[in-house]
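K.L.:
Using this note's numbering, the first residue of the sequence shown is number 20, and each one after it goes up by one.
Where a beta carbon is used, it is the ideal one built from N, C-alpha and C, also for glycine.
One structure is given below, represented as structure tokens, and several questions about it will come after.
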Amino acid sequence: MGHTTPDHSNLVETAHAGRNAETSIGVGLLTAILQSQLRDNAKAAELLQIVQKGVMRKRWNGVGECEKLSAQRKSLKAERSSGIEENKASVQRKKIFQSQIKSLQDDMKVDTHRSDLRE
20 MGHTTPDHSN
30 LVETAHAGRN
40 AETSIGVGLL
50 TAILQSQLRD
60 NAKAAELLQI
70 VQKGVMRKRW
80 NGVGECEKLS
90 AQRKSLKAER
100 SSGIEENKAS
110 VQRKKIFQSQ
120 IKSLQDDMKV
130 DTHRSDLRE
């Protein structure tokens, strides 16, 4: 009485069908070899990519990873919007400084013609 799930349940039958499809059980020998070769080539290409480029396919895309990426996107969006506001304020300050510099330069030009400021 060790089993709680009967052998004839849909879950067990589905698992068998999936495993049979994966291992090519129930097909001809040549077909099974060719299907196995395709799977092996895909695995070899993935391993080659890991070894040569140091890039692994992302397999962990669970709830925690999705939440982490969502938090990163929100943080990036907030940083971008604050950066845009800071940039606008900086441009405005630059315009004010340029107008003050222009005004001071104009005042200096006027003062060069005054004789009472000379020694």
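May I ask which residues mark the beginning and end of the alpha helix (DSSP H) holding Thr131?
P.N.:
The residue you call residue 131 lines up with position 112 of the sequence shown. Note, Thr131: premise wrong, no alpha helix (DSSP H); not H, not E.
K.L.:
Quick check: what's the CA-CA separation for Ala108 versus Gly81?
P.N.:
Numbered from 1 along the sequence shown, position 89 holds the residue referred to as residue 108. Numbered from 1 along the sequence shown, position 62 holds the residue referred to as residue 81. The alpha-carbon atoms of Ala108 and Gly81 are separated by roughly 41 Å.
K.L.:
By DSSP, does Gly81 sit in helix, in strand, or in coil?
P.N.:
If you number the sequence shown from 1, residue 81 lands on position 62. Gly81 falls in the coil class under three-state DSSP.
K.L.:
Classify Gly73 as helix, strand or coil using the three-state DSSP reduction.
P.N.:
Walking along the sequence shown from the start, residue 73 turns up at place 54. In this structure, Gly73 counts as coil in the three-state DSSP scheme.
K.L.:
Roughly how many whole angstroms lie between the Cα atoms of Val129 and Gln111?
P.N.:
As a first step, residue 129 must be located in the sequence shown, where it is residue number 110. As a first step, residue 111 must be located in the sequence shown, where it is residue number 92. Between Val129 and Gln111, the C-alpha separation is close to 27 Å.
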